[in-house]
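> If you read the sequence shown in my numbering, its first letter stands for residue 9, the second for the next number, and so on.
Here it is: the structure, laid out below.
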Amino acid sequence: MFRGKGKSKSSQHSESGRESAKLGGSSSEVVLNGLNQEAHFEVCFLGVVRDINMGTSRKRDKEAQLVDQVEEAQIEGKLPLSPRDEDKVNITISRHGLKVLDSTKKVLQRHPLHIIAQVVHYEDGFGKPNVAFKIGQLQHSKDTCVYQCYVFQCPNEDQAQAVCQSLRNIFNAITVH
9 MFRGKGKSKS SQHSESGRES AKLGGSSSEV VLNGLNQEAH FEVCFLGVVR DINMGTSRKR
69 DKEAQLVDQV EEAQIEGKLP LSPRDEDKVN ITISRHGLKV LDSTKKVLQR HPLHIIAQVV
129 HYEDGFGKPN VAFKIGQLQH SKDTCVYQCY VFQCPNEDQA QAVCQSLRNI FNAITVH
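Written out as structure tokens, the structure reads:
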């Protein structure tokens with residue numbers, strides 16, 4: 009379900025159950041308390057790739073297939089290659105799932121945890137770290153699953169890894185309880 013590249017570089021400073029870290033100029037705050045974990049990140053929303061059909065191909069791993077689909081959408085002009093200033097959003101990852109807010113804290117999207125099928129971070133062709141969330145599952149037939157993919161660009165590799173790790177921590181906390 010999760011994939012990351014490179015080594016994770018993080019420093020942890022706990023203060024009454026909270027951990028705060030600066031990641032390349034963007035703030036990230038994580039609340040560490042079992043199922044009450046919450047992580048906040050400032051990222052740029054690149055867009056949605058709709059109707060991704062992952063099929064049943066066993067030739068490549070699922071992460072590579074997802075990245076291929078996103079890059080194909082960018083080549084076709086369905087998804088921008090780089091964000092604009094107005095594309096900045098805040099995401100919150102918690103036991104409730106993924107929440108996307110604008111700069112005024114208005115909720116733009118909510119994706120419950122149970123429909124997040126996969127998250128992968130990768131470096132695009134311009135060296136920018138992106139995070140792709142594969143959301144939902146619609147079964148059109150027994151062999152085909154269709155998903156939506158929400159793509160965010162992070163300011164640096166460390167933050168992209170932290171986004172994936174935050175979701176992993178939430179899933180781990182749920183499976184322990």
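Think of the CB as a built atom: it goes at the ideal place given N, C-alpha and C, for glycine as much as any other residue.
The structure presented is a predicted model; accordingly, all values stated were derived computationally and were not measured.
1. How would you label I83, buried or exposed, when you count the other beta carbons within 10 angstroms and need 16 or more for buried?
2. Quick check: what's the CA-CA separation for N180 versus G55?
3. In whole angstroms, what is the alpha-carbon distance linking L121 and Y130?
4. Using the three-state DSSP reduction, which class does N61 fall into: helix, strand or coil?
5. Excluding the 5 residues flanking D132 on each side, which residues of the same chain have their C-beta closer than 7 Å to its C-beta?
6. Among the residues of its own chain, which have a CB less than 6 Å from the CB of D6, if the five just before and after it don't count?
7. Under a three-way DSSP split, which group does K114 fall into?
8. Quick one: Cα of H104 to Cα of C162, how far?
9. What span of residues does the beta strand (DSSP E) with L43 cover, start to end?
10. If I measure Cβ to Cβ from N177 and keep anything under 7 Å in the same chain, skipping five residues before and after, which residues do I get?
11. I need the straight-line Cα distance from K136 to K86, nearest angstrom please.
12. Between the alpha carbons of L116 and V184, how many angstroms are there, rounded?
13. Which term fits A72, buried or exposed, when burial requires 16 or more other beta carbons within 10 angstroms of its beta carbon?
14. Give the secondary structure of E187 by DSSP, where H, G and I count as helix, E and B as strand, and everything else as coil.
15. What do you get for F53, buried or exposed, if any count of 16 or more other CB atoms within 10 angstroms of its CB means buried?
16. Which residue wins for smallest C-alpha separation from D110, given the options I123, H48 and S174?
17. Name the DSSP bridge partner or partners of F187?
18. With a threshold of 16 other CB atoms inside 10 Å of the CB of E80, please say whether the residue is buried or exposed.
Taking the geometry as given:
1. Looking up residue 83 in the sequence shown gives position 75. Looking at its Cβ environment, which holds fewer than 16 other Cβ atoms inside 10 Å, I83 is exposed.
2. Within the sequence shown, residue 180 is the residue found at index 172, counting from 1. Within the sequence shown, residue 55 is the residue found at index 47, counting from 1. C-alpha separation (whole angstroms): 28 Å.
3. As a working mapping, residue 121 is identified with position 113 in the sequence shown. As a working mapping, residue 130 is identified with position 122 in the sequence shown. If you draw a straight line from the Cα of L121 to the Cα of Y130, it comes to about 21 Å.
4. If you number the sequence shown from 1, residue 61 lands on position 53. Strand.
5. Looking up residue 132 in the sequence shown gives position 124. Around D132: N138.
6. Missing from the structure shown is residue 6; the chain here goes from 9 to 185 and no further.
7. In the sequence shown, residue 114 corresponds to position 106, counting from 1. Coil at K114, not helix or strand.
8. Here residue 104 refers to the residue found at position 96 of the sequence shown. Here residue 162 refers to the residue found at position 154 of the sequence shown. Distance between the alpha carbons of H104 and C162: 22 Å.
9. Indexing the sequence shown from 1 puts residue 43 at position 35. First-last for L43: undefined, no H or E at that position.
10. Here the question's residue 177 lines up with position 169 in the sequence shown. Around N177: Q45.
11. Sequence index remark: in the sequence shown, residue 136 carries index 128 (1-based). Sequence index remark: in the sequence shown, residue 86 carries index 78 (1-based). When rounded, the distance between both Cα atoms is 18 Å.
12. Locating residue 116 in the sequence shown gives position 108, where the first residue counts as 1. Locating residue 184 in the sequence shown gives position 176, where the first residue counts as 1. If I take the Cα positions, the gap works out to 31 Å.
13. Here residue 72 corresponds to residue number 64 of the sequence shown, with the count starting at 1. So A72 counts as exposed.
14. As shown, the chain starts at 9 and ends at 185. That puts residue 187 outside it, with no answer to give.
15. Along the sequence shown, read from residue 1 onward, the residue named residue 53 stands at position 45. Classification for F53: buried.
16. Translated into the one-based positions of the sequence shown, residue 110 becomes position 102. The shortest C-alpha separation from D110 is found at H48.
17. The displayed coordinates of the chain run from 9 to 185. Any statement about residue 187 would go beyond what the structure contains.
18. Residue mapping note: residue 80 aligns to position 72 of the sequence shown, counting from 1. By the Cβ neighbour-count rule, E80 is exposed, with fewer than 16 other Cβ atoms within 10 Å of its own.
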